[in-house]
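Trainee: This structure is in structure tokens; I'll ask about it shortly.
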Amino acid sequence: MPSFDTVLEADFVEVKNAVENASKEIATRFDFKGTSAAVELKDKEITMFGDAEFQLTQVEDLLRNKLTKRNVDVRFLDIQKSQKIGGDKVKQVIKVKNGIESEIAKQLQKLMKESKLKVQAAIQEDKVRITGAKRDDLQAAMALIREKMADHPLSFNNFRD
């Protein structure tokens, strides 16, 4: 039975490269000299440091540019609130989304049921598997997902005939 998986996962190699490039640029830029501006990646979290909120927004813009150049969709970023850490320094954590959250998976499953396409959607941990009798139905399902769920950077893999 033909099927494919709908997933939400960033290319972490490219995310790591973008963070390293941003870190190098921060080290060499004149406006960041002598400040605590920095960006680092640990597990699936990017942490930005700065002397003020304004500096954090500059670092965030720089990071977004580097991610865009490396073809990483910025919709993967879940930006948290900034926190004060000792003195006048601030930090901000950005979580990189990986895996479909249960509420998005349920929306996807509901969308497939309401679409009247002859496909079934099954939630499997952090992905949604869509199966159907015909390849054309699966391609129509992909087009529908791209159209209706455009605010999420979903991708498709593991297409089987």
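This note's numbering numbers the first residue of the sequence shown as 4 and each following residue consecutively. For every residue, glycine included, the Cβ atom is placed at its ideal position computed from N, Cα and C. This one's a predicted model, so the numbers in the text were calculated from it and none came from an experiment.
#1: Under the assumption that serine 118 contacts leucine 147 (Cβ atoms under 8 Å), give the Cβ distance between them as a whole number of angstroms.
#2: Just to confirm, are lysine 17 and arginine 78 a CB contact at a threshold of 7 Å?
#3: Just to confirm, are isoleucine 82 and isoleucine 97 a CB contact at a threshold of 7 Å?
#4: Use the C-beta contact count for alanine 13: other C-beta atoms within 10 angstroms, 16 or more gives buried, fewer gives exposed.
#5: Using the DSSP secondary-structure output, state which residues sit across from aspartate 81 in a beta bridge.
#6: First and last residue of the beta strand (DSSP E) that includes glutamate 106?
#7: Looking only at its chain, what residues have a beta carbon closer than 6 Å to the beta carbon of alanine 125, apart from the 5 residues adjacent to it on each side?
#8: Answer with buried or exposed for threonine 31, where buried requires no fewer than 16 other C-beta atoms within 10 angstroms of its C-beta.
#9: Starting from arginine 73 and walking both ways along the beta strand (DSSP E), at which residues does that stretch end?
#10: At the level of alpha carbons, what is the spacing between asparagine 160 and methionine 4?
#11: For the alpha helix (DSSP H) that contains lysine 27, what are its first and last residues?
#12: Report the option in Thr38, Ser85, Gly37, Phe33 whose CA atom is closest to the CA atom of isoleucine 49.
Mentor: Considering the structure as presented:
#1: 6 Å
#2: Note on residue identity: the sequence assigns glutamate, not lysine, to residue 17. Cβ atoms of glutamate 17 and arginine 78: not closer than 7 Å.
#3: yes
#4: buried
#5: Lys98
#6: Element bounds for glutamate 106: not the beta strand (DSSP E) but the alpha helix (DSSP H), 105-117.
#7: Arg132
#8: exposed
#9: From DSSP, arginine 73 is part of no beta strand (DSSP E); its letter is neither H nor E.
#10: 16 Å
#11: 15-31
#12: Ser85
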